[in-house]
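Written below as structure tokens is the structure these notes are about.
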Amino acid sequence: MRVWDLPTRLFHWTLVALVALLWVSGEFGGLDLTLSLPGKRVLYLSNMDVHALAGQGVFVLLVFRLLWGLWGSTTARFAHFVSGPRAVWAELRALLAGRVPDAVGHNPLGALSILAMLALLAVQVGTGLFARDDFFFEGPLAHRVTEETSERLTGLHHENFEILQALILLHVGAVLYYWARGRNLVVPMITGRKVDLPPQAAAQIRLASPLARPGHPGPGDGRAGGDPHSVSFPAGALCP
Ligand code: HEM
Ligand code: HEM
14 MRVWDLPTRL
24 FHWTLVALVA
34 LLWVSGEFGG
44 LDLTLSLPGK
54 RVLYLSNMDV
64 HALAGQGVFV
74 LLVFRLLWGL
84 WGSTTARFAH
94 FVSGPRAVWA
104 ELRALLAGRV
114 PDAVGHNPLG
124 ALSILAMLAL
134 LAVQVGTGLF
144 ARDDFFFEGP
154 LAHRVTEETS
164 ERLTGLHHEN
174 FEILQALILL
184 HVGAVLYYWA
194 RGRNLVVPMI
204 TGRKVDLPPQ
214 AAAQIRLASP
224 LARPGHPGPG
234 DGRAGGDPHS
244 VSFPAGALCP
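Quick look at the structure:
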């Protein structure tokens, strides 16, 4: 059964690639690029140009994810995967009892870390726009604020990344822990498909598509399609 649509998967793996690029260009440097263009022209991008371009790529991804969280497929929607403290507590208790509960889409605890990562990424882009390095580079909005403010935001850019790094480690650690306990979340994030879902849960997923309109069948999984806006699967519901 298809649980992750293509846009969500592309969002995830492009984000991973861009964050890796941002980490290398931000922390280590050396990613200067010389590109040959038609007409024997040459485009030179300094390491920080690459950094800022990748950062703006993350901005585009975040805007997309926000919109997809409102109007995308069932499992991509915030309303589907953001759950209250009771569901988070239930999952924590299950984990502490040695069980690894599965969920249709993100589980309640994972959802919390995902929201935190998205928020930290937004702060990272926001502060990057006003940041400057010790040489000649400055973010596209740095000239709009005083040097002192820009320096403060550069400091925040640095500190926020430390927190983001810790969360990413936790995220990958959690994915590996689930894997070690027999729940492979990575393959579905690549292929979109999950094989071990109970049929009643799987039947609730609708994949959004520009072609799916109210009352018209959506592409889904070849099952009953329909209006992606009329889904009522309980948020954060865990499968046995
Ligand atoms: C830069 C590093 C990473 C960031 C910022 C990141 C961020 C995210 C985000 C935002 C989501 C939510 C996807 C969505 O609903 O749109 C997600 C889900 C997921 N990520 Fe990552 N990720 C990173 C690295 C990785 C890596 C290296 C792996 C594989 C080992 C991985 C595996 C997954 C999986 C399996 C899910 C789905 C979890 C679930 O089933 O609930 N991520 N990640
Ligand atoms: C429009 C987007 C962005 C711009 C213009 C930007 C700009 C900058 C600038 C000017 C610096 C140099 C600061 C210094 O030398 O002290 C920097 C460092 C850095 N940036 Fe960005 N950035 C952006 C987005 C991002 C994003 C999205 C990430 C990660 C997800 C990121 C990660 C980093 C890291 C790891 C450093 C090194 C920090 C350090 O000094 O330890 N940046 N960025």
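Residue numbers (this note's numbering): 14 to 253. In this text, a Cβ means the ideal position worked out from N, Cα and C, and glycines have one as well.
Check                                                                                                : Outcome
7 Å Cβ shell around residue 30 - same chain, five flanking residues per side excluded                : none
Ligand 1 heavy atom lying under 7 Å from the CB of residue 33                                        : yes
Through-space distance from residue 85 to residue 209, alpha-carbon basis                            : 23 Å
Inter-stretch contact at 8 Å, needing at least 3 Cβ pairs: the segment 127-135 / the segment 169-187 : yes
Three-way DSSP call (helix, strand, coil) for residue 62 in this model                               : helix
Rounded separation between residue 187 and residue 109 - CA only                                     : 14 Å
Cβ shell of residue 24 (< 8 Å), same chain only, five flanking positions each side left out          : 74, 77, 78, 81
Limits of the unbroken alpha helix (DSSP H) element including residue 140                            : 121-143
Test item: CB-CB of residue 96 and residue 121 under 8 Å                                             : yes
Element boundaries [alpha helix (DSSP H), containing residue 35]                                     : 19-40
Host alpha helix (DSSP H) of residue 159 (start-end)                                                 : Per DSSP, residue 159 belongs to no alpha helix (DSSP H) and is neither H nor E.
Under the three-state DSSP convention, the category residue 216 falls into                           : coil
Contact test: residue 24 Cβ vs ligand 2 heavy atom, cutoff 7 Å                                       : no
Spatial distance of residue 14 from residue 183 (CA atoms)                                           : 28 Å
Enclosing beta strand (DSSP E) for residue 46 [first to last residue]                                : 46-50
Range covered by the alpha helix (DSSP H) that runs through residue 204                              : 199-204
Cβ pair residue 195, residue 16 closer than 8 Å                                                      : no
Distance, residue 221 Cα to residue 18 Cα                                                            : 8 Å
Residue 168 at chain C interface by Cβ criterion, 8 Å                                                : In the structure shown, chain C does not exist; there is a single protein chain.
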